[in-house]
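**Student:** From first to last, the protein sequence lines stand for chains A and B.
Positions 105 to 218 (the working numbering) are the ones given, in order, by the first sequence.
Positions 951 to 1063 (the working numbering) are the ones given, in order, by the second sequence.
Every residue gets a Cβ at the ideal spot worked out from N, C-alpha and C, and that includes glycine.
One structure coming up, written as structure tokens, with questions to follow.
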Amino acid sequence: EPEVTQTPSHQVTQMGQEVILRCVPISNHLYFYWYRQILGQKVEFLVSFYNNEISEKSEIFDDQFSVERPDGSNFTLKIRSTKLEDSAMYFCASSERDTEETQYFGPGTRLLVL
Amino acid sequence: DQQVKQNSPSLSVQEGRISILNCDYTNSMFDYFLWYKKYPAEGPTFLISISSIKDKNEDGRFTVFLNKSAKHLSLHIVPSQPGDSAVYFCAAIVSGNTGKLIFGQGTTLQVKP
């Protein structure tokens, strides 16, 4: 069964450093998302992406964040200058359509900012 | 932002019995609802969904009920199995939005053998 994959599974970085989280969505999906879950909190929407541009972003997704689909398979989330509060589990998801369609999640990347 | 609420942080049931997980929402524009199951250190796994034009959807041991007038949905698992022990998230999509899922806080289900 097709699945969303994410790398790395864990990332430890120093505050102020740049990190890139990578995702390979399901191959026939057209809509891509990033979510995050801070420990003990709910899963929060960050950004949605379609047709090589951002469809919507949350207030969390400030200028330090960017997303890119550099080729036909990868979808990346970049945090330019990490802060302590960026420590969280980051989930990538994809779906065939943007509404009334299931989003399938990857296993997540645990980011720890020291 | 508490548009989707799961008021029970935890639930414990005996193996073989029914598990009922509840979810309330406030936004009447939501038109699609999903339940996800999540194990520690893994991503949410899709379980079952329901469109706002329906009031029930069933898939094997899992049934989701939607009461639009009460803005309430529930997930029934019967019979419950120890492998069902996980965190269950309710999520909703706003109509006309870009597929942004809004999640509840989650309910931790423990099924005792």
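Using a C-beta cutoff of 7 Å, does GLN1055 (chain B) count as contacting chain A?
**Tutor:** So, interface residue.
**Student:** State yes or no: is the beta carbon of LYS1050 (chain B) nearer than 7 Å to at least one beta carbon in chain A?
**Tutor:** By this cut-off, LYS1050 (chain B) is an interface position.
**Student:** Taking CB distances under 7 Å as the criterion, tell me whether GLU992 (chain B) reaches chain A.
**Tutor:** So, interface residue.
**Student:** Could you say which of A:GLN118, A:THR111, A:GLN141, A:LEU143 lies nearest to VAL128 (chain A) if we only look at CA atoms?
**Tutor:** Ranking A:GLN118, A:THR111, A:GLN141, A:LEU143 by Cα distance to VAL128 (chain A) puts A:THR111 first.
**Student:** PHE1012 (chain B) and ILE998 (chain B) - do their beta-carbons sit closer together than 7 Å?
**Tutor:** A contact, by the Cβ cut-off of 7 Å.
**Student:** Exposed or buried, LEU181 (chain A), counting other C-beta atoms within 10 Å across all chains shown (16 or more means buried)?
**Tutor:** Buried, by the Cβ-count rule.
**Student:** Under the three-state reduction of DSSP, which class applies to ASP1005 (chain B): helix, strand or coil?
**Tutor:** DSSP places ASP1005 (chain B) in coil when its eight states are reduced to three.
**Student:** Within the 7 Å Cβ cut-off, does PHE996 (chain B) reach chain A?
**Tutor:** Yes, its Cβ sits closer than 7 Å to a Cβ of chain A.
**Student:** Thinking just about the alpha-carbon of each residue, which of B:PRO990, B:THR995, B:LEU984, B:PRO994 is nearest to the one in LYS1004 (chain B)?
**Tutor:** Per the Cα distances, B:LEU984.
**Student:** Return the residues of the region 184-213 of chain A that lie within a Cβ-Cβ distance of less than 9 Å from chain B, sorted by chain order.
**Tutor:** Going along the region 184-213 of chain A in chain order, one finds MET193, PHE195, CYS196, ALA197, SER199, ARG201, ASP202, THR203, GLU204, GLU205, THR206, GLN207, TYR208, PHE209, GLY210, PRO211, GLY212 with a Cβ nearer than 9 Å to chain B.
**Student:** Please report the distance separating the alpha-carbon of LEU143 (chain A) from that of LYS1050 (chain B).
**Tutor:** Each residue's Cα considered, the two are about 21 Å apart.
**Student:** Among B:PRO1029, B:PHE980, B:LYS1021, which one has its Cα closest to the Cα of ASP974 (chain B)?
**Tutor:** For ASP974 (chain B), the nearest C-alpha among the options comes from B:LYS1021.
**Student:** Starting from SER958 (chain B), follow the beta strand (DSSP E) in both directions and report where the run begins and ends.
**Tutor:** Note, SER958 (chain B): premise wrong, no beta strand (DSSP E); not H, not E.
**Student:** Can you tell me whether DSSP reads GLU160 (chain A) as helix, strand or coil?
**Tutor:** If DSSP states are grouped into helix, strand and coil, GLU160 (chain A) belongs with the strands.
**Student:** Report the option in B:GLN953, B:GLU965, B:PRO990, B:ASN957 whose CA atom is closest to the CA atom of MET193 (chain A).
**Tutor:** That would be B:PRO990, whose Cα lies nearest to the Cα of MET193 (chain A).
**Student:** Could you tell me whether any Cβ in chain B is nearer than 7 Å to the Cβ of PHE149 (chain A)?
**Tutor:** Chain B, which has a Cβ nearer than 7 Å to the Cβ of PHE149 (chain A), makes this yes.
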